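Participant: Have a look at this one.
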Amino acid sequence: MDASPFHDDPPVGIPRTSTTPHAPDGQTARAGVPRREALAALAQRHSVGPRWLTDPAPDDADLRRAIACALRAPDHGLLRPWRAVLVGREQRRLLGDLFASIARDQGGDEAAIAREIERAERGPALVAWIARIQPGIDDVPAHEQWMTTGGALTLFLSALHLMGYGAKTLSGRKCSHPRLQAAFCTPGETLVAFITVGTPSRAAAARGCDDLDFHWQPWQPQNLGGAGPSAPH
Ligand SMILES: Cc1cc2nc3c(=O)[nH]c(=O)nc-3n(C[C@H](O)[C@H](O)[C@H](O)COP(=O)(O)O)c2cc1C
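Read the sequence shown against my numbering and you will find it ends at 233, with the numbers running on by one and no gaps.
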């Protein structure tokens, strides 16, 4: 059996040429409507808060598709420094009790505790994102593993978005609480955040303007020390 969550899906994207089976034909790629449409949709991904997320939730097959996309994140050394777990609907109450106990620890009043219980119930699907950063790996420092973890999360969110779902990633102060960490992680792992996923009941909105010219610039060489431009010959 094909273990890929995409095995039943119709072919998408750009047909490959027969001579370059692993490289899209440049002409086709430029003219490729499906990819251009996907690209435009991707550029419009914005988070959708839990209160705007309704049923249907993504089913197991769609969640597996999104995870399969997350696994395409660039991953130096193929360390796979993350995993995600689904908090089932029937487990929300248990999670709410945990949230409530943490709110109590943090000095929350009854209203804050009730809010935490309600938070655990919010949203059609709830996923916990867990990092597994390994210290002391030759050539793959922790920051590169965090990059992979973030890249994977982004691909997960992007895949959900392209399938028509909305999602929001939230950590909050409680995520770093040792009891919540212990409930989700094995030693060496870090619970990063929870992702609520569902069907948006309203269009997602951008939070601010993008400054492309800051984020994409030609290199302005600096601090070159002895490696500055050599004198003309
Ligand atoms: C790991 C992680 C944790 C986050 N935790 C919170 C949070 O606790 N509260 C919050 O308001 N936003 C949090 N965010 C940011 C939102 O998920 C979201 O990205 C932000 O509101 C920007 O919206 P956008 O995704 O539409 O650009 C977190 C993002 C990440 C990646």
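Ideal placement from N, C-alpha and C gives every residue a C-beta, glycine not left out. Everything numeric in this text was worked out from a predicted model, so none of it was measured.
Secondary structure at residue 219, three-state DSSP: helix, strand or coil?
Facilitator: In the structure shown, residue 219 sits in coil (DSSP, three-state: anything other than H, G, I, E or B).
Participant: Helix, strand or coil for residue 137, going by three-state DSSP, please let me know.
Facilitator: In this structure, residue 137 counts as coil in the three-state DSSP scheme.
Participant: Are the Cβ atoms of residue 124 and residue 200 separated by less than 8 Å?
Facilitator: Not a contact, by the Cβ cut-off of 8 Å.
Participant: Any heavy atom of ligand 1 closer than 7 Å to the beta-carbon of residue 108?
Facilitator: No, since every heavy atom of ligand 1 falls outside the 7 Å radius drawn around the Cβ of residue 108.
Participant: Measuring alpha carbon to alpha carbon, tell me which of 4, 8, 47 and 3 ends up nearest residue 162.
Facilitator: Here the closest residue by C-alpha is 47.
Participant: Tell me whether residue 196 sits in a helix, a strand or coil according to DSSP, three-state version.
Facilitator: Reduced to three states, the DSSP call for residue 196 is strand.
Participant: By alpha-carbon positions, which one of 205, 184 and 224 ends up nearest to residue 44?
Facilitator: The residue with the shortest Cα to Cα distance from residue 44 is 205.
Participant: Following a CB-centred definition, is residue 78 positioned closer than 7 Å to any heavy atom of ligand 1?
Facilitator: Result no, Cβ not under 7 Å from ligand 1.
Participant: Kindly provide the chain-ordered list of residues whose Cβ lies closer than 6 Å to any non-hydrogen atom of ligand 1.
Facilitator: Listed by chain position, these are 46, 47, 168, 169, 170, 171, 172, 192, 193 and 207.
Participant: When you compare the CB positions of residue 113 and residue 100, do they come within less than 8 Å of one another, or not?
Facilitator: In contact: residue 113 and residue 100 (Cβ atoms closer than 8 Å).
Participant: Could you work out which residue in 225, 155, 106 and 89 is closest to residue 66 when comparing CA atoms only?
Facilitator: The shortest Cα separation from residue 66 among 225, 155, 106 and 89 belongs to 155.
Participant: Kindly indicate the opening and closing residues of the alpha helix (DSSP H) around residue 49.
Facilitator: Careful: residue 49 lies outside any alpha helix (DSSP H) and carries neither H nor E.
Participant: Quick one: using the 10 Å Cβ neighbour count with 16 as the cut-off for buried, is residue 42 buried or exposed?
Facilitator: That one is exposed.
Participant: Counting only runs of 3+ residues fully inside the segment 55 to 104, write out the beta strand (DSSP E) ranges in chain order.
Facilitator: Counting whole runs of 3 or more residues, the segment 55 to 104 contains the beta strand (DSSP E) stretches 82 to 87.
Participant: Might you give, ordered along the chain, the residues of its own chain that have their beta carbon closer than 6 Å to the beta carbon of residue 111, omitting 5 neighbours on each side?
Facilitator: Excluding residues within five positions, none has a Cβ falling inside 6 Å.
Participant: Going by C-alpha distance, which of 62, 49 and 138 is nearest residue 5?
Facilitator: Closest by alpha carbon: 62.
Participant: By alpha-carbon positions, which one of 144, 167 and 54 ends up nearest to residue 157?
Facilitator: The option with the nearest alpha carbon to residue 157 is 167.
Participant: Residue range of the alpha helix (DSSP H) that residue 204 falls in?
Facilitator: Premise fails: residue 204 is in no alpha helix (DSSP H) and is neither H nor E.
Participant: Measuring alpha carbon to alpha carbon, tell me which of 192, 38, 98 and 8 ends up nearest residue 164.
Facilitator: For the residues 192, 38, 98 and 8, the minimum Cα distance to residue 164 belongs to 38.
Participant: Report the partner residues of residue 38 according to the DSSP bridge assignment.
Facilitator: None, per the DSSP bridge assignment.
Participant: Quick one: is residue 103 buried, meaning 16 or more other Cβ sit within 10 Å of its Cβ, or exposed?
Facilitator: Classification for residue 103: buried.
Participant: Just verifying my parser: in three-state terms, what is the DSSP assignment at residue 191?
Facilitator: Strand at residue 191.
Participant: What is the DSSP secondary structure of residue 170, reduced to helix, strand or coil?
Facilitator: Looking at residue 170 - three-state DSSP - the assignment turns out to be strand.
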